[in-house]
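Asks: There's a structure below that I have some questions on.
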Amino acid sequence: MASGAGRPGAVARRLDESLRYDAPSPHIGRTTTEAVEIDGIVIPADAKVLLLIGAADRDPERFTDPDRFDLNRGEAPHVAFGVGIHTCIGQPLAKLEAELVLTALARHTETLAVDGTPTRQLNNWLRGFATLPIVATPARDVAR
Ligand code: HEM
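Numbering of the sequence shown is given in the numbering used here, commencing with residue 21 and proceeding in unit increments.
Following this line, the structure appears as structure tokens:
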């Protein structure tokens, strides 16, 4: 897989598509403070509710061909950071860190490819990799 070196301007959009496609935090919990009706189904007060972020970000009514990983997708915003009053407070920091790392990688590498079998970390809540072996070839014309 090519790294997209030389095109770091698209990093933010690519990051958003990665977060949409494979939510790092795929579900969050809530407790209802009052009865609520959603699509004709009543959830009583004081009920534990699991919100499936991963499913919401693959909603075919919101995203075209939602199971396709499309780095050029530019449609509805995803909910990987949650929504509402408890939306992720670290979102700007997470985006900044990822953007800096991915931009530096794109600038300093000609190609990046998976080199081996990645292993998932075992966690009931957060999705991520314990190992992700990659092979990179350095960019030839980088000003250091
Ligand atoms: C890719 C990285 C991250 C993802 C996908 C993520 C995702 C989320 C999600 C889904 C929630 C729950 C939102 C809700 O309950 O509606 C949340 C809450 C939160 N996140 Fe993050 N997060 C990330 C990085 C960070 C970082 C870097 C920090 C801190 C430096 C952070 C701090 C928090 C805090 C404090 C809350 C609780 C906010 C509240 O309950 O009011 N997160 N995050």
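Each residue gets a CB set at the ideal place from its N, CA and C atoms; glycine is no exception.
A quick note: this is a predicted structure, and the numbers were derived from the prediction, not measured.
Rounded to the nearest angstrom, what separates Leu142 and Asp79 at their Cα positions?
Replies: One C-alpha to the other measures close to 26 Å.
Asks: Is any non-hydrogen atom of the ligand HEM found closer than 6 Å to the C-beta of Pro44, if you look at the structure I gave you?
Replies: Because some heavy atom of the ligand HEM lies under 6 Å away, the Cβ of Pro44 counts as near it: yes.
Asks: Can you list, in chain order, the residues of its chain with a C-beta nearer than 7 Å to that of Phe149? Leave out the 5 residues immediately preceding and following it.
Replies: Closer than 7 Å at the Cβ level, and outside the excluded window around Phe149, lie Pro138, Thr139, Arg140 and Gln141.
Asks: Exposed or buried, Thr52, counting other C-beta atoms within 10 Å across all chains shown (16 or more means buried)?
Replies: Thr52 comes out exposed.
Asks: Please check the pair Pro46 and Gly74, which I expect to be a contact at CB under 8 Å, by giving their CB distance rounded to whole angstroms.
Replies: With 8 Å as the limit, Pro46 and Gly74 qualify as a contact, their Cβ atoms being about 4 Å apart.
Asks: Specify the secondary structure class of Gly24 as computed by DSSP and reduced to three states.
Replies: Legend: pLDDT at Gly24 = 43, less than 50; position of this residue unreliable, value from coordinates given subsequently. Gly24: coil per DSSP, three-state reduction.
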